[in-house]
Amino acid sequence: MLQSIGYFVRRVGRNLRQTPVICSAAIGTVAVALMIMAFFIIVVVNVQQVARQWSREIQVVAYFDKVPGEDKVDRWRDNLEGMKEVERVDFVSREEAFRRFKKRLGDDGDLLDGVGSDFLPASLEVVLHEASRNKTGVETVVRRLQQIPGLEDVSYEPDWLERFDAFVNLLKLAGFVFGGFLLFAALFIVSNTIKLTLYARREEIEIMSLVGGTPLFIKMPFLLEGALQGIVGGVFALIGVWAIFALVLQEGLYGVLMVTGADSILFLSAWQQGGILVCGLLLGLTGSLLSLRKFVRI
Amino acid sequence: MSLIATGRNLMIQLYNVCMSYQKDATALTDFTLKVPKGDFLYLTGPSGAGKSTLLKLLYGAEKPTRGQILMNGMNITRMRSWRVPFLRRKLGIVFQDFKLIHSRTLFENVAFPLEVQGRKRFEVSNKVYQALKHVGLQGKLHRFPLQLSGGEQQRAAIARALVTDPLILLADEPTGNLDDDVACDIMELFKGANARGTTVLLATHDREMIRRYPRRVVSLDKGRLVDDHSP
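Protein chains in written order, with this note's numbering: chain A, 1050 to 1347; chain B, 1301 to 1531.
The following block contains the structure:
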C-alpha cells in the first residue's frame, strides 16, 4: 500500500516536471475560474450583509388599550419568548414611549410641552430571530399576539415585509443560478484543459493498459495530479482575490453599498476560503475523472 | 506440431471464432486453432487477412462476435473487463512501432510492467537490468527511445515484453520496420524466449524470415485459416 502511494507520488512529481506548460495552464484555469467565483461570493456576502441590516428593522409591536399589570406582562413575555421565532420581548411603558418620542423629535421636543406623559399607549416590542425575519415568521407571532386580550393594535407593515421577502428570494435565486452556471463553466474549462494533458500522454495510458495496468492504477496518478492542480489553483485564486480585494474591490464595493447602509465590506470568511480550496480540489478531481473516462479504456 | 495436443498442454485454443467490426466487414470467420504450450508459430497472410485482429482478441482488446477462446485453460471470451489487466500480465506484447514512451528512459520503459504489478523497487531494478542486459542494452539504461536506432528500440520493447517472464509472447510485425541484419537479431531473441518455455505467436508477412527460421506457419486470408503446416 505504502509502496503504491510512493509510486503514485513519484509519478505525479515526474509528470508535473515533464509537462510544466500544460500543468501551469490547468492551474491557471482553475485559479481564474475560482477567482471569478470568489468575487461573486464577496458580492453576495456583502449584499446579504446589507439585507441582514435591513432585517433588523423587522419587528412586531403590540399596543395595549390599558396598561396591564406587571404579572400579566411577565406572563405574556414568557409565553412569547417560548416561541422559536422570537429572540426578545421588550415591554415599553407609556412613559418610556413618551421619552423615546421626545428624543426622536430632537430640537422640536418642546412641541410636547404641556402634553401629559401618558398620552402614548404602552406596548410590547417583539424582536424576531434572524431566520424568522420574514413574512411567515412575523405572521406566526402576530397570530399569537392577537390571542392576548386588551390589545388595541398590532403593527407589522405587511407590504414592506413582502417586498423584503421577494428581494431576499431573488438574491438567493440569483446566487444559485449564477453560482451554478459559474461552477459548470469552470468544470467544463478545467476538464478540457486536463484533457489536453491526457492527450499529451495518451501513448503512456495505452501502454500502461497493454502491460496489465488496472483502470484504477492508470487513473490514480492523473486523479492525484488533477487534485493537486485544483488545490494549487485554489491557493492562487485566494491570493489573487485577496490582492484585488485589498487594492480595488474593497473601496469600489464600499462606494456602491454605503448608500444602502453597509457598515463595512466583508472579505471571505475562513470557511468560505476553505470552501474555495475544496472547490478547487473537486474541480481538479472531477475534471480529471470526466476526461479519463474517454482515455482509459481496457 | 511435435506433440499431441490435449486440453492440458494447450496454451491457446480458438473454436469457431468470428469477429466483425461492422455488419458487412468480417475480420475473422469460423477460425479454429490450437497452440500447445511452448510452441512457436507464425501467423502469416496478406494485409487485412486478420492477423492483427487475432492478436487483439488474444490480449483482450477486442471480443469475438462468436466462438470461444481459451488461454492457458481460461475462457477469455466472456471475461469481465476488470479481469483483462490480469490476463495481460501473463502476456508479453511486441508491436511493429515499438510503443515505447518517448519521455521515459529505457530503464523506466522496461520497468513499467513490473511497476504495474506492484513489484518491490529493488526487484524492479534487478529484473530490468537483467532484461536489458539480455537484449544487449545494459549500457543504455538512461537513454531515451528517440536516442536509439530502430533495432535498439525494438530490443527494448522485447525486453519490456519479457521482463515479467510471460507465458505467451505476442508479436505484431516486430521486424516490419527493421533491416535484415537487425531483424535476425530480433528473431534470435524470440527464439531464446521460446527455448526458455514461452509460447510465441508472431504475426508477419515476411516470407524470407519464415524461410530462414522455419517454424509452424498458420496462414490466413480474408479472415479464414487457409493453411496450417509445420516444417
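All residues carry an ideal CB built from backbone N, CA and C; glycine is no exception.
How about residue i and residue j: do their beta carbons lie closer than 7 Å?
i, j, result
"A1459 of chain B", "L1502 of chain B", "no"
"A1349 of chain B", "L1520 of chain B", "yes"
"G1450 of chain B", "N1477 of chain B", "yes"
"I1369 of chain B", "E1253 of chain A", "no"
"L1231 of chain A", "M1086 of chain A", "yes"
"V1175 of chain A", "V1191 of chain A", "no"
"K1427 of chain B", "V1463 of chain B", "yes"
"L1355 of chain B", "L1470 of chain B", "yes"
"E1145 of chain A", "V1138 of chain A", "no"
"V1110 of chain A", "S1181 of chain A", "no"
"V1518 of chain B", "L1341 of chain B", "yes"
"A1461 of chain B", "I1393 of chain B", "yes"
"D1214 of chain A", "Y1112 of chain A", "no"
"F1344 of chain A", "L1247 of chain A", "yes"
"K1351 of chain B", "P1466 of chain B", "no"
"F1140 of chain A", "S1166 of chain A", "no"
"M1257 of chain A", "I1267 of chain A", "yes"
"L1169 of chain A", "R1153 of chain A", "no"
"F1412 of chain B", "Q1454 of chain B", "no"
"L1334 of chain A", "G1275 of chain A", "yes"
"I1486 of chain B", "T1475 of chain B", "yes"
"I1312 of chain B", "M1379 of chain B", "no"
"G1373 of chain B", "G1497 of chain B", "no"
Less than 8 Å between the CB atoms is what I'm expecting for residue i and residue j, so what's the real figure, rounded?
i, j, result
"I1091 of chain A", "L1245 of chain A", "Not a contact, Cβ separation roughly 31 Å."
"F1386 of chain B", "G1329 of chain A", "Wrong, their Cβ atoms sit about 36 Å apart, outside the cutoff."
"V1079 of chain A", "G1282 of chain A", "3 Å"
"A1361 of chain B", "N1409 of chain B", "Actually they do not touch by this definition, with Cβ atoms about 20 Å apart."
"Q1278 of chain A", "A1100 of chain A", "At roughly 36 Å, the Cβ-Cβ gap does not stay under 8 Å, so Q1278 of chain A and A1100 of chain A are not in contact."
"L1220 of chain A", "Q1097 of chain A", "7 Å"
So who's on the other strand from residue i, going by DSSP bridges?
i, result
"M1371 of chain B", "B:I1312 and B:M1374"
"H1529 of chain B", "B:V1517"
"M1319 of chain B", "B:L1328"
"Y1024 of chain A", "Chain A is shown only over 1050 to 1347; residue 1024 of chain A falls outside these bounds and no answer can be derived."
"F1140 of chain A", "A:L1173"
"G1186 of chain A", "DSSP output for G1186 of chain A lists no bridge partner at all."
"Y1342 of chain B", "B:L1502 and B:V1517"
"P1336 of chain B", "B:L1310"
"D1472 of chain B", "B:F1395 and B:A1503"
"R1366 of chain B", "B:C1318"
"V1135 of chain A", "A:L1177"
"R1524 of chain B", "B:D1521"
So which of the options has the shortest CA-CA distance to residue i?
i, options, result
"N1349 of chain A", "A:S1053, A:N1128 and A:S1340", "Outside the displayed range of chain A (1050 to 1347) lies residue 1349 of chain A, so it cannot be described from this structure."
"K1468 of chain B", "B:L1446, B:L1358, B:R1378 and B:M1319", "As written in the sequence, residue 1468 of chain B is Ile, which differs from the Lys given in the question. Minimum Cα distance to I1468 of chain B is reached at B:L1358."
"N1021 of chain A", "A:R1105, A:M1307, A:L1334 and A:G1336", "This structure cannot speak to residue 1021 of chain A, because chain A is shown only from 1050 to 1347."
"I1107 of chain A", "A:L1083, A:V1122 and A:E1136", "A:E1136"
"T1504 of chain B", "B:T1498, B:R1496, B:R1516 and B:S1320", "B:R1516"
"H1442 of chain B", "B:Q1417, B:S1403 and B:Q1454", "B:S1403"
"D1528 of chain B", "B:K1334, B:C1318 and B:Y1321", "B:K1334"
"H1434 of chain B", "B:Q1447, B:R1388 and B:F1490", "B:F1490"
"L1406 of chain B", "B:P1474, B:F1444 and B:D1472", "B:F1444"
"F1285 of chain A", "A:V1061, A:I1054, A:Y1056 and A:M1084", "A:M1084"
"G1367 of chain B", "B:R1388, B:T1353, B:D1330 and B:G1345", "B:D1330"
"L1332 of chain A", "A:T1068, A:V1061, A:S1053 and A:V1081", "A:V1081"
"K1323 of chain B", "B:Q1313, B:G1338, B:T1365 and B:D1339", "B:T1365"
"K1121 of chain A", "A:P1069, A:Q1102, A:L1338 and A:P1198", "A:P1198"
"D1533 of chain B", "B:D1472, B:M1509, B:E1473 and B:G1373", "Nothing about residue 1533 of chain B can be reported from this structure: the residues present for chain B run from 1301 to 1531 only."
"P1336 of chain B", "B:P1346, B:L1314 and B:C1318", "B:L1314"
"V1384 of chain B", "A:L1273, A:A1295, A:P1264 and A:S1318", "A:P1264"
"R1511 of chain B", "B:E1452, B:S1320, B:Q1417 and B:T1344", "B:T1344"
"F1316 of chain A", "A:V1308, A:A1292 and A:G1336", "A:A1292"
"Q1196 of chain A", "A:G1229, A:S1172, A:W1125 and A:G1323", "A:W1125"
"M1132 of chain A", "A:G1077, A:G1163 and A:E1188", "A:E1188"
"G1336 of chain A", "A:A1319, A:S1313 and A:A1235", "A:A1235"
"T1353 of chain B", "B:T1332, B:M1319 and B:V1482", "B:M1319"
What residues of chain E sit near residue i, judged by a beta carbon separation below 7 Å?
i, result
"V1416 of chain B", "Included in the structure are the protein chains A and B, with no chain E among them."
Taking 6 Å as the cut-off, is the CB of residue i close to at least one heavy atom of the ligand NAD?
i, result
"I1288 of chain A", "Judged by which ligands are present, the structure shown has none, so any question about the ligand NAD falls away."
Any C-beta of chain A within less than 9 Å: which residues of the segment 1369–1391 of chain B qualify? Closer than 9 Å at the C-beta level to chain A, one finds these residues of the segment 1369–1391 of chain B: S1381, W1382, V1384, P1385, F1386, L1387, R1388, R1389, K1390 and L1391.
What residues in the segment 1304–1321 of chain A have a beta carbon less than 8 Å from any beta carbon of chain B? Within the segment 1304–1321 of chain A, no residue has a Cβ that lies closer than 8 Å to any Cβ of chain B.
Residues of the segment 1390–1411 of chain B with a CB closer than 7 Å to any CB of chain A: list them in chain order, please. Result list: I1393, K1399, I1401 and S1403.
Relative to chain B, which residues along the segment 1052–1078 of chain A have a C-beta separation below 8 Å, given in chain order? Residues of the segment 1052–1078 of chain A with a C-beta atom less than 8 Å from some C-beta of chain B are Q1052, S1053, Y1056 and Q1067, listed in chain order.
For the segment 1268–1283 of chain A, list every residue whose C-beta sits within 8 Å of some C-beta in chain B, in sequence order. Cβ contacts with chain B come from no residue of the segment 1268–1283 of chain A.
Interface positions of the segment 1127–1154 of chain A facing chain B (Cβ-Cβ less than 9 Å), listed along the chain: Flagged: no residues at all.
Of all the residues that make up the segment 1240–1254 of chain A, which are near chain B by a beta-carbon distance shorter than 7 Å? Hits within the stretch, in order: E1252 and E1253.
Using a beta-carbon distance cut-off of less than 9 Å, what residues from the segment 1337–1364 of chain B approach chain A? For the segment 1337–1364 of chain B, which is checked against every Cβ of chain A, the residues closer than 9 Å are Y1359, G1360 and A1361.
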